[in-house]
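Visitor:
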Amino acid sequence: MENSDSMDTDFLNLVIEKGMKGNKPSVMAKGLLKTVNHYKKQENIEKKLTEMLQTFDDFDHQYAVNVAQELVVLDSSYSEFVKKLNLPDSNG
Numbered sequence: 495m496e497n498s499d500s501m502d503t504d505f506l507n508l509v510i511e512k513g514m515k516g517n518k519p520s521v522m523a524k525g526l527l528k529t530v531n532h533y534k535k536q537e538n539i540e541k542k543l544t545e546m547l548q549t550f551d552d553f554d555h556q557y558a559v560n561v562a563q564e565l566v567v568l569d570s571s572y573s574e575f576v577k578k579l580n581l582p583d584s585n586g
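Numbering (the numbering used here), first residue to last: 495 to 586.
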């Protein structure tokens with residue numbers, strides 16, 4: 495069972511890549527907001543969004559930037575959060 499973690503990671507990476515290819519950044523941003531909507535604390539919301547955006551950035555930097563920009567378009571309260579992420583080109 496040693497390879498289980500490796501297989502899980504490979505599968506997750508495949509799902510993420512397919513999701514990125516199959517969804518525009520605006521659709522992905524809406525999905526992310528819907529996903530984190532059940533968290534009560536803002537810090538938990540930001541932690542999960544940071545994890546996801548960093549994952550996108552690992553695969554495709556420009557896609558991550560575009561999703562971050564779409565988050566701000568959908569909800570301007572995320573403007574400061576996106577600036578703190580320090581993704582180049584995400585400041586506007």
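Every residue, glycine too, gets a C-beta built ideally from N, C-alpha and C.
Within 10 Å of its beta-carbon, does residue 563 have 16 or more other beta-carbons around it, so buried, or fewer, so exposed?
Guide: Within the sequence shown, numbered from 1, the residue matching residue 563 stands at position 69. With 16 or more other Cβ atoms within 10 Å, it is buried.
Visitor: Return the first residue and the last residue of the alpha helix (DSSP H) that residue 555 is part of.
Guide: For the purposes of this step, residue 555 is taken as the residue at position 61 of the sequence shown. For residue 555, the enclosing alpha helix (DSSP H) covers residues 555-568.
Visitor: In or out: residue 580 buried (at least 16 other Cβ within 10 Å) or exposed?
Guide: Within the sequence shown, residue 580 is the residue found at index 86, counting from 1. With fewer than 16 Cβ atoms within 10 Å of its Cβ, residue 580 is classed as exposed.
Visitor: Taking residue 555 as the reference, which of 537, 514, 504 and 509 has the closest Cα?
Guide: Residue 555 sits at position 61 when you count from the first residue of the sequence shown. Comparing alpha carbon positions, the residue from 537, 514, 504 and 509 closest to residue 555 is 514.
Visitor: Is the Cβ of residue 519 closer than 9 Å to any Cβ of chain D?
Guide: Absent here is chain D; the protein component of the structure consists of one chain.
Visitor: By DSSP, does residue 517 sit in helix, in strand, or in coil?
Guide: Along the sequence shown, one-based indexing puts residue 517 at 23. Coil at residue 517, not helix or strand.
Visitor: Grab the span of the alpha helix (DSSP H) containing residue 573 for me, first residue to last.
Guide: The residue given as residue 573 occupies position 79 in the sequence shown. Residues 573-579.
Visitor: Measure the alpha-carbon distance for residue 528 versus residue 560 and round it to whole angstroms.
Guide: Looking up residue 528 in the sequence shown gives position 34. Looking up residue 560 in the sequence shown gives position 66. Residue 528 and residue 560: Cα-Cα distance of roughly 17 Å.
Visitor: So what does DSSP say about residue 548, is it helix, strand or coil?
Guide: As a working mapping, residue 548 is identified with position 54 in the sequence shown. In this structure, residue 548 counts as helix in the three-state DSSP scheme.
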